[in-house]
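Q: Here the protein sequences come in this chain order: A and B.
Note that the working numbering has the first sequence beginning at 1, numbered continuously upward.
Note that the working numbering has the second sequence beginning at 303, numbered continuously upward.
For each residue, glycine too, the CB sits at the ideal point set by N, CA and C.
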Amino acid sequence: MDIDKYLNDVLESQTLTDDGEEMKALRKRRDEVEKLLRESFKDTNPVIRYAGSFSKKTMIKESYDLDIACYFPRNDDDAGSALKDIYRNVRDALKKKYTVDPKNSALRLKGLDADVHGTDFHIDVVPGRFTDDDQKDVYLHRENDDKLRLKTNPQIHVDHVRDSGVRDAIRLVKYWRERNGIEIKTFVLEIIVIETLKDKKDRKLQTQLQHIWTEFRDNSASLSAKDPANPEGNDLAAFLSEDIKTQLRQVSEKTLKQVDDGQWENTFGKVTAKENNTRTSALAAAISSRATGQPHKPYAEF
Amino acid sequence: MPRSAWYKFPPDTLPKLRAELEQRYPTLHLFERAGFIELLGSFPIEHGGIEIDRFKIQILLPPDFPKAPPFVWETAGRIPKILDRHIYPASGNCCFFYPDEYRLLYPDGMSFFDFIQGPMRDYFLGQLAVEAGQPWPFGQRAHGKDGAFEFYEEFFGVKGKEIVLNYLKCLAYETLKGHQWCPCGSGRRLRNCHMTELSQLRKRVPIDIAGGAFKRLGEPTASVKRP
Ligand SMILES: [Zn+2]
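1) Taking CB distances under 8 Å as the criterion, tell me whether K103 of chain A reaches chain B.
2) Can you give me the C-alpha to C-alpha distance between N306 of chain A and K61 of chain A, rounded to a whole angstrom?
3) Check whether the Cβ of C472 of chain B lies closer than 7 Å to any heavy atom of ligand 1, and answer yes or no.
4) Taking the Cβ atom as the reference point for each residue, do Q247 of chain A and F333 of chain B lie within a distance shorter than 8 Å?
5) K254 of chain A touches chain B at which residues, Cβ-Cβ below 9 Å?
6) Do L36 of chain A and L94 of chain A count as a contact pair if the criterion is CB distance below 8 Å?
7) Can you list every residue whose CB sits closer than 5 Å to some heavy atom of ligand 1, going in chain order?
8) Using a Cβ-Cβ cut-off of 7 Å (strictly less than) and excluding sequence neighbours within five positions of R217 of chain A, which residues of its own chain qualify?
9) Check the Cβ-Cβ distances between G20 of chain A and every residue of chain B, and say whether any is below 8 Å.
10) In the DSSP output, what is E376 of chain B paired with across the bridge?
11) What does L341 of chain B pair with, by DSSP beta-bridge criteria?
12) Along the chain, where does the beta strand (DSSP E) containing K297 of chain A start, and where does it finish?
13) Leaving aside the five residues before and after V466 of chain B along the sequence, list all residues of the same chain whose C-beta is less than 8 Å from its C-beta, in chain order.
14) In chain order, what residues of the same chain have a beta carbon less than 6 Å from the beta carbon of V526 of chain B, not counting five sequence neighbours either side?
15) Using a Cβ-Cβ distance cut-off of 8 Å, determine whether L385 of chain B contacts chain A.
16) Find the nearest neighbour of A512 of chain B within the set B:A336, B:L316 and B:L473, judged by alpha-carbon distance.
17) Y71 of chain A lies in the beta strand (DSSP E); which residues open and close that run?
18) For the candidate residues A:Y50, A:A69 and A:K151, whose alpha-carbon lies nearest to that of P232 of chain A?
19) In chain order, what are the residue ranges of uninterrupted beta strand (DSSP E) at least 3 long that sit wholly in the region 23-61 of chain A?
20) Applying a beta-carbon distance threshold of less than 8 Å, which residues of chain B neighbour T131 of chain A?
21) Between A25 of chain A and R49 of chain A, how many whole angstroms is the CB-CB distance? I'm expecting something under 8 Å.
22) Applying a beta-carbon distance threshold of less than 8 Å, which residues of chain A neighbour Y454 of chain B?
23) Taking all protein chains shown into account, do 16 or more other C-beta atoms lie within 10 angstroms of the C-beta of N468 of chain B, making it buried, or fewer, making it exposed?
24) Counting pairs of beta carbons, one from the region 262-278 of chain A and one from the region 407-425 of chain B, are three or more of them closer than 8 Å?
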């Protein structure tokens, strides 16, 4: 098996194409969100743009959340005077059309109308305010933290990843994280991968991945990450808890065993052209083969 | 003496579980966290060698596992966290069956692999069918109390909420005497009616379950509408 070819096939199968259903739906929602926010904050002019893995070009199909930044000018109180007010006013504006699930700095959008009630739209709106008139650094509110605001520079984050030269490795490691349920945040994982591969940018993908897993297996205790936008300021240690380090170490250990045995498909799965009718008939067959076993009926209550 | 956690004895319980997981489910990983056993990763739904799909999940095995069933969450935000998709809205975990059902049908609990290959896989198969616009393939319970009554009607082999409550009350609080009226409502004496059935149910239904269900279901509160 040509491992790098296989890994490239995995990457391709994880690519959201521009004309695919998912991207179409995301773009439509993005326009909808922008319209709603502009209508809600008529007297000010926020910068509304794609952020996160979409602008970093590291999206994967397995978990394709779209981040939409909504940053207000510095000297403008129309969306709220305190950062906290901005966060809550944006939240309330979004509530007109969506079920809003507040995360720490972001607002997760889900369906509100009966036909899509509770459906996750895979969209996070991130409200913030520029720190000055250059409109580069922003303050983000943090709903669940003692340290109530975070100063960051989103563009530096985007550039750091987009121009890292290791985007393929980043996407594969993200996919590996998803398949194995590791609870590390994307931006922390990206920073670590970039740092770990800084002298190995021209190696084969296979070598890069094995190097990363070896690091996770052998040096998880000393793992750290520095915010590229604020290397001395924001402490990212909180995002690398003991639990997360344990997960990285244990899963990497198993993954290395698999790939040493040549079992790459255990790690990333088989890449098959997922024909819809194969899937549909397999599902029907799976259901009918269970029907005789008297399966339980699902239940729920408040 | 406090009962030791289920996975401490025999001492090779966890290593064995880990080894089997590694073989059968290489993308599910087991961790020990504050007295709970937690599994993270993704669960493939396969049939005839084809991977139909895969769900990202978190499983929590409670301290009294396997007597109490595992808690399972779908963690990719794929299944809407609503009653109609059989998720408890408050806690966000999956609801595979009416809770008493597990205790009554599996008094000794289920092994971990029987559970994930059985009720858990059936549930995710159902979710796949619903995603594809089909009905729940194995049926579904009504939400809240109505679903509980449905289960007990099936389990007792009776019809009607009143009768279910009579049965529960009888199983929880009464010694079976032949001359008492049969809880089925026939107007006959127990010895001339459902004595055999009730004696057998008594062996299968622990008093605390019958009493708990009687209290819960007997309270006059509105139940949620059928989906
Ligand atoms: Zn009777």
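A: Taking the definition as stated:
1) no
2) Nothing in the structure corresponds to residue 306 of chain A, since chain A is present only between 1 and 302.
3) No, the beta carbon of C472 of chain B sits no closer than 7 Å to any heavy atom of ligand 1.
4) Yes, the Cβ-Cβ distance between Q247 of chain A and F333 of chain B is below 8 Å.
5) E324, P328 and H331
6) yes
7) B:C484, B:C486, B:S488, B:C495 and B:H496
8) R249, S252, E253 and L256
9) no
10) B:I359
11) In the DSSP secondary-structure assignment, L341 of chain B is bridged to B:L332 and B:I361.
12) No beta strand (DSSP E) contains K297 of chain A, which DSSP labels as neither H nor E.
13) If we look at V466 of chain B and ignore the five residues flanking it on each side, its Cβ neighbours are F451, Y454, E455, F458, V460 and L519.
14) Confidence at V526 of chain B is low in this model, with a pLDDT of 46, below 50, so the placement of that residue is unreliable and no value is reported for it.
15) Yes, L385 of chain B lies at the interface with chain A (some Cβ there is under 8 Å from its Cβ).
16) In terms of CA proximity to A512 of chain B, B:L473 leads the group B:A336, B:L316 and B:L473.
17) L66 to F72
18) The sequence given here places Glu at residue 232 of chain A; Pro does not occur at that position. The shortest C-alpha separation from E232 of chain A is found at A:K151.
19) 47-51, all fully within the region 23-61 of chain A.
20) Those within 8 Å of T131 of chain A in chain B number zero; the least Cβ separation is about 32 Å.
21) Contact doesn't hold; Cβ gap of about 19 Å is too wide.
22) Within chain A, no residue comes near Y454 of chain B; the closest Cβ sits about 12 Å away, beyond 8 Å.
23) buried
24) Too few Cβ pairs lie closer than 8 Å, so no.
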